[in-house]
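In this note's numbering, the protein residues as written are 120 to 490. Beta carbons: idealized from backbone N, C-alpha and C, even for Gly. As the structure is a prediction and not an experimental result, all values here were calculated from the model. For reference, the structure is listed below as C-alpha cells.
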C-alpha cells in the first residue's frame, strides 16, 4: 500500500495526519509512506524525523498523492486538492460532512472512499480511533490556559505579604471529554470549579475531579443520546437549563463552555441577558464557537467584549498545541489503518464493518452520509 501524508493547507492548521512513530510502524508492516516536504514543520516535527522513520518525500500536494492508495490528512481537502486525489483511493480526515455537500459530491465523482474522523463510533472497539475525544482533551486543557491569560485575576488562592487573594471561580458547561479536562486543568491551577451537564451520569466524574455539580430539574437520563453524547432538549427542559445556569453566572469569573451535540448546532446556554449579570472582567471561552457557540454573543474566531465580559470564540484549539495534538491524532489514524489494511493483497473495505460503515461518507461513487 502507498500511503500519502500531505501538508495541511487550511488556515491556522498546524497538525499533521501521521507522525514519525506511526510512519515507522506502517513501513515495518510493508507499506510505503510518502510525506509532503514540511508537513510536520508547524508541529515541530522536522523532515529528518520522517526520513528516519522510513518515509520518502514529495515537493507538493499533487506529487505526494500521485499513485496513493490512501491519503491521511487532518482537515478536509480543498476543492482543488479533492480534484487531485487518485480515483478509487481512500481518504481519512475530518470532513464536516453535514456542511460540505459539494465536497462529498466531488469525492464521490472520483470514486474516493472518504472516512470522516469525526464519525468514529463511540464503542469500546473504536475507542483508540476516537479523534474527537483525543483532540477534545487538548482543547479542554488549552481553553483554561487561554481563559487564565485573559482573566484580570489569578486563578489560585494566594497568601502573600501583601495580603490574601481569593481564588477565582470557574464554571464549566458540558462535562464531556473537553469539559472534564477543563475541570481538571482549572483545579490543578487552584480555581474553585463547578460544572453543569444535562446528563446525570457525569455527576460522579465531575465530583471525582474536585468540582461541584450544578443541579437542574431538566437533568435526566432522557438527555443522553447515542454513544453517551448529550441530545437536544425539549423547549421546557431547555428553559429549566437556562434558569439553572443563569443562577450561577453572577458569581463566576471564568466560564469554559464545551457543550455540543453531534451533527447539530451547539446548544444556546448563555444569553446576552445572562452575560450582563456577570462580574466586570469575567471571561467566557466558548469551545463550541465553530458550531454556533454556547453563548449568544460568541463570534467564531473573534474575541468580543460585552457588558465588561470578554467572550473568546475559540476555534481549532487543538491545533494551538500541534505537537501533542498531532501525536494523539496520528495514533488515532494509525489504529484505524491497522484495522483497515490487510497483511497482504489489495485493500477491500467492508461497509458492514462496525467501524468503517459509520465513518464512510462516500464509497463506490456514491454519497453515503446520512444513511
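Is there contact between the region 477-485 and the region 165-184, where contact requires at least three CB pairs shorter than 8 angstroms? no
Just to confirm, are residue 258 and residue 437 a CB contact at a threshold of 9 angstroms? yes
Identify whether residue 313 lies in helix, strand or coil by the three-state DSSP scheme. strand
Same chain only: Cβ atoms within 8 angstroms of residue 254, ignoring 5 sequence neighbours per side: 437, 444, 447, 448
What is the DSSP secondary structure of residue 292, reduced to helix, strand or coil? strand
Write down every uninterrupted run of the alpha helix (DSSP H) in the region 166-207 whose length is 4 residues or greater and which is fully enclosed by it, in chain order. 166-172, 180-184, 198-201
Where residue 152 and residue 271 are concerned, what is the direct C-alpha to C-alpha distance, given to the nearest angstrom? 48 angstroms
By the DSSP assignment, the alpha helix (DSSP H) with residue 430 in it spans what residues? Looking at the DSSP string, residue 430 is not in any alpha helix (DSSP H); the run it does join, the beta strand (DSSP E), is 428-431.
What does a CB cutoff of less than 7 angstroms around residue 158 pick up in its chain, not counting 5 residues either side in sequence? 124, 125, 126, 135
When you compare the region 310-325 with the region 269-289, are there three or more beta-carbon pairs, one atom per stretch, that lie closer than 8 angstroms? yes
Under a Cβ-count criterion, where at least 16 other Cβ atoms within 10 Å of its own Cβ denotes burial, should residue 463 be classed as buried or exposed? exposed
The alpha helix (DSSP H) spanning residue 354 covers which residue range? 354-367
Supposed contact pair residue 298 and residue 314 - C-beta distance, whole angstroms, cut 8 angstroms: 6 angstroms
Just curious, the alpha helix (DSSP H) that residue 258 is in, first and last residue? 250-269
Answer yes or no: do residue 195 and residue 213 have a C-beta to C-beta separation smaller than 9 angstroms? yes
Going by C-alpha to C-alpha distance, which of 474, 193, 410 sits closest to residue 132? 193
Starting from residue 121, trace the beta strand (DSSP E) both ways and give me its first and last residue. 121-124
So, helix, strand or coil for residue 420, using DSSP? coil
What is the DSSP secondary structure of residue 221, counted as helix, strand or coil? helix
Does the separation of the CB atoms of residue 244 and residue 473 fall below 9 angstroms? yes
With DSSP run on the structure shown, which of helix, strand or coil describes residue 235? strand
May I have the straight-line CA-CA distance separating residue 293 from residue 459, to the nearest angstrom? 33 angstroms
How is the alpha helix (DSSP H) around residue 454 delimited, first residue to last? 441-459
For residue 302 versus residue 265, is the C-beta spacing smaller than 9 angstroms? no
Using a Cβ-Cβ cutoff of less than 6 angstroms, which residues in the same chain neighbour residue 174 once the five nearest sequence positions on both sides are dropped? 142, 152, 154
Would you decide whether residue 261 is buried or exposed? Buried here means 16 or more other CB atoms lie within 10 Å of its CB. buried
Look at the Cβ atom of residue 475, then the Cβ atom of residue 250, and state whether they are nearer than 9 angstroms. no
Decide yes or no for the touch test of the region 409-421 against the region 388-398: beta carbon pairs closer than 8 angstroms, at least 3 of them. yes
In terms of residues, what are the limits of the beta strand (DSSP E) holding residue 504? It is not possible to answer for residue 504, since the shown part of the chain is limited to 120 through 490.
Alpha carbon of residue 283 to alpha carbon of residue 201, nearest angstrom: 59 angstroms
Among residues of its own chain, excluding the 5 on either side of residue 420, which ones have a beta-carbon nearer than 6 angstroms to its beta-carbon? 432, 434
Presumed contact (8 angstroms Cβ cut-off) between residue 335 and residue 360, rounded CB distance: 5 angstroms
Rounded to whole angstroms, what is the Cα-Cα separation between residue 394 and residue 364? 11 angstroms
By Cβ distance below 6 angstroms, which residues in the same chain neighbour residue 300 in space, the five residues on each side in sequence not counted? 256, 259, 260
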